[in-house]
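Taken in order, the sequence shown gives residues 4 to 350; the numbers are from this note's numbering.
Glycine included, each C-beta is placed from N, C-alpha and C at the ideal position.
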Amino acid sequence: MDNFFIAYRDPMFGIIILFAIVFMLSFANYWWGVFKHKEEKQSIEKFVKKFEIVTDESEYKKLLEDFSIPLESLALLAHAYSKSGDFEKAINIYLVALKRVKGREEKQYLLSTLGKTYFKAGFLRRSAEIFLESLRLHPRNEESLKYLTVAYEQLQEYTKAAEVLDSLEEMGAKVGVQKNFLSALAIIKDNALSDSQKVEKLSTLAKQEPSLKRKLFEFMQHNSIKIEPSFFETLPFEDMVDLLWFMDSSVFDISTCKDSFVRQIAMAKGFIPYQEVPNPSFELEVLGKLHSLGYDKMGLGFEYVCGECKQVFPVHFYRCPSCQSISSVNIQMSITKAHHEENSSFL
Numbered sequence: 004m005d006n007f008f009i010a011y012r013d014p015m016f017g018i019i020i021l022f023a024i025v026f027m028l029s030f031a032n033y034w035w036g037v038f039k040h041k042e043e044k045q046s047i048e049k050f051v052k053k054f055e056i057v058t059d060e061s062e063y064k065k066l067l068e069d070f071s072i073p074l075e076s077l078a079l080l081a082h083a084y085s086k087s088g089d090f091e092k093a094i095n096i097y098l099v100a101l102k103r104v105k106g107r108e109e110k111q112y113l114l115s116t117l118g119k120t121y122f123k124a125g126f127l128r129r130s131a132e133i134f135l136e137s138l139r140l141h142p143r144n145e146e147s148l149k150y151l152t153v154a155y156e157q158l159q160e161y162t163k164a165a166e167v168l169d170s171l172e173e174m175g176a177k178v179g180v181q182k183n184f185l186s187a188l189a190i191i192k193d194n195a196l197s198d199s200q201k202v203e204k205l206s207t208l209a210k211q212e213p214s215l216k217r218k219l220f221e222f223m224q225h226n227s228i229k230i231e232p233s234f235f236e237t238l239p240f241e242d243m244v245d246l247l248w249f250m251d252s253s254v255f256d257i258s259t260c261k262d263s264f265v266r267q268i269a270m271a272k273g274f275i276p277y278q279e280v281p282n283p284s285f286e287l288e289v290l291g292k293l294h295s296l297g298y299d300k301m302g303l304g305f306e307y308v309c310g311e312c313k314q315v316f317p318v319h320f321y322r323c324p325s326c327q328s329i330s331s332v333n334i335q336m337s338i339t340k341a342h343h344e345e346n347s348s349f350l
């Protein structure tokens, strides 16, 4: 017995035990990694099968099955199809690439790109599922979180969208404007509220976020709610020149407003006599002078430019359809023929 304890106190014995423990831990860690990799691969394959597209087209079928083609080439091909609007082929290629890829970063990138492709194609529910899978691999993927928020927003699942925004906020993103915008959409959708209650809640939100005053104004116009002069004169007129241009005088008579910019619109419409104003808008000044000369065959046209991605759209947006930025719209006016205005409405 004494000999055993002497051996146990031998430094060499301790070193052997230490190496044995390190070996066992390394061995266990290796096989645990193999098991997790296999489990993750099976999970991806099972996930991909839910989204596979059955098609009889064969022009690129052999290409997809050729394992000699690098994944980078497949990704570029899928991107080209997506840019040209052929989302079905792009999705098919991304799904094939997902089966072949091994690294977590590559899988996360492909899932995020696949989610955006589904989003652009209009499959919002599927895109949300893809982004959730992407976040399972990489929970701090800011791009996936951003698009997941927009997907839930467009699905009118505002509570889920707000929860995703909380995650983005914890990562340091500025989401105050988006939260207020979601709150406004939720208020408008809430059937338990009367119109007057909705106006009251939207007014409170608009005090925190002035860009929502246009949303409140649209809601009041759409529901034929009386607009008081005290509220009208607080509106951001230059950010809603299109609404004022096509505004029904029975809802509110803009010729009674004392604001300089609104009076330019009234003069351009011929509602009041033309007068010189300081710092006039070029388009409104030209139309006002034409009306003063008796020429009324000209009008205004509008284009909407995103301040972030610079894309141009024919209708107003609160969230850019291209880059998904919020409150980034800039309204540009142009002089057109008067008949372009006939039967125009922004509601």
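Look at L303 here: in three-state DSSP terms it is strand. Here C312 is not bridged, per DSSP, to any residue. When DSSP states are grouped into helix, strand and coil, K261 belongs to the coil group. Distance between V308 and M243, taken at the CA atoms: about 14 Å. Counting along the chain, the unbroken beta strand (DSSP E) around T339 starts and ends at 332 to 340.
DSSP, reduced to helix, strand and coil, places R143 outside both helices and strands of the structure shown, so it counts as coil. Annotation note: the region 176 to 242 contains the following uninterrupted alpha helix (DSSP H) runs of length 4 or greater, listed N- to C-terminal: 179 to 192, 198 to 211, 215 to 225, 232 to 235. Counting only the Cα atoms, D193 lies some 43 Å from N282.
Membership of E173 in the alpha helix (DSSP H) is indicated by the continuous run 161 to 173. Fewer than three pairs of CB atoms, one per stretch, sit closer than 8 Å, so the region 294 to 301 makes no contact with the region 155 to 174. Here S170 is not near N144, since their CB atoms are 8 Å or more apart. Taking I338 as reference, the option from M27, F320, I268, I257 with the minimal CA-CA separation is I268. For Q278, the closest alpha carbon among the candidates K292, F285, V265 is that of K292. Shown here, I96 sits in a helix according to DSSP, grouped into three states.
Using a Cβ-Cβ distance cut-off of 8 Å, the region 202 to 220 and the region 184 to 191 are in contact, since at least three pairs of beta carbons, one from each stretch, lie closer than that value.
Of all alpha-carbon atoms in R107, P276, L28, L79, the one lying nearest the alpha-carbon of H141 is that of R107. Put simply, of E241, Q157, K201, T237 the residue whose alpha carbon is nearest the alpha carbon of N226 is K201. With fewer than 16 other beta carbons inside 10 angstroms of its own, C326 counts as exposed. L238 and N95 have their C-alpha atoms some 48 Å from each other. Residue environment analysis places Q111 among the buried positions, since at least 16 neighbouring C-beta atoms fall within 10 angstroms of its C-beta.
Its Cα nearest to that of F240, the residue I257 stands out among S253, I257, R128.
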